[in-house]
Amino acid sequence: MDVIRKSDPYCVAYVDGEVRQEIFMTETVSSCLDPTWNANFKWALYPDVTCVTIAVWDRDNVTADDLIGTAFIDILDLAPDETSRELELSLENPRLRRRLIKSRILVRIDVVSDKPGRENPSEEMGD
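Going by this note's numbering, the sequence shown opens with residue 1, and the numbers climb by one from there.
Shown next as structure tokens:
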């Protein structure tokens, strides 16, 4: 990965917890330093789920893909009655700390219910 030149970024998103849940991946945006994905991901929120992890990668066709940075959403920070929140998160990567100063990802969390009285989040990733 070369932070100076354009990247081919994509995101991988997943939740923690004992119950195995789907890992989602966005499309790759070719030759871009300011990608927009507008992807929608949906997970069930079981009691042991406390964090959504979003990793941004640079796709490389010749070598292994490079981690650009990772952002974390603490589910416990959402208010119990909150149905939607937009978050601007900094990407973290200790190896690239100085080059990631302005690297951020915009995420919207929507809480939707499959059954009355039970909520499940839908993760919408944007910019």
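Each residue gets a CB set at the ideal place from its N, CA and C atoms; glycine is no exception.
For TRP43, the closest alpha carbon among the candidates ALA79, VAL15, CYS11 is that of VAL15. Take the alpha-carbon of VAL112 and the one of ASP81: they are about 11 Å apart. Counting the other Cβ atoms within 10 Å of the Cβ of TYR46 gives fewer than 16, which makes it exposed. Taking the Cα positions, LEU33 is about 26 Å away from CYS51.
The beta carbon of ARG104 is closer than 7 Å to those of GLU88, LEU89, SER90, LEU91 in its chain, skipping five residues each way along the sequence.
Where THR50 is concerned, there is no enclosing beta strand (DSSP E), because DSSP gives it neither an H nor an E.
Taking GLN21 as the centre and dropping the five residues before and after it, the same chain places the C-beta of VAL15, TRP43 closer than 6 Å to its C-beta, in chain order. Burial state of PRO94 is exposed, judged by a 10 Å Cβ sphere holding fewer than 16 other Cβ atoms.
DSSP places PRO94 in the helix class (H, G or I) of the three-state scheme.
For the pair ASP8 and ARG59, the CB atoms are nearer than the 8 Å cut-off.
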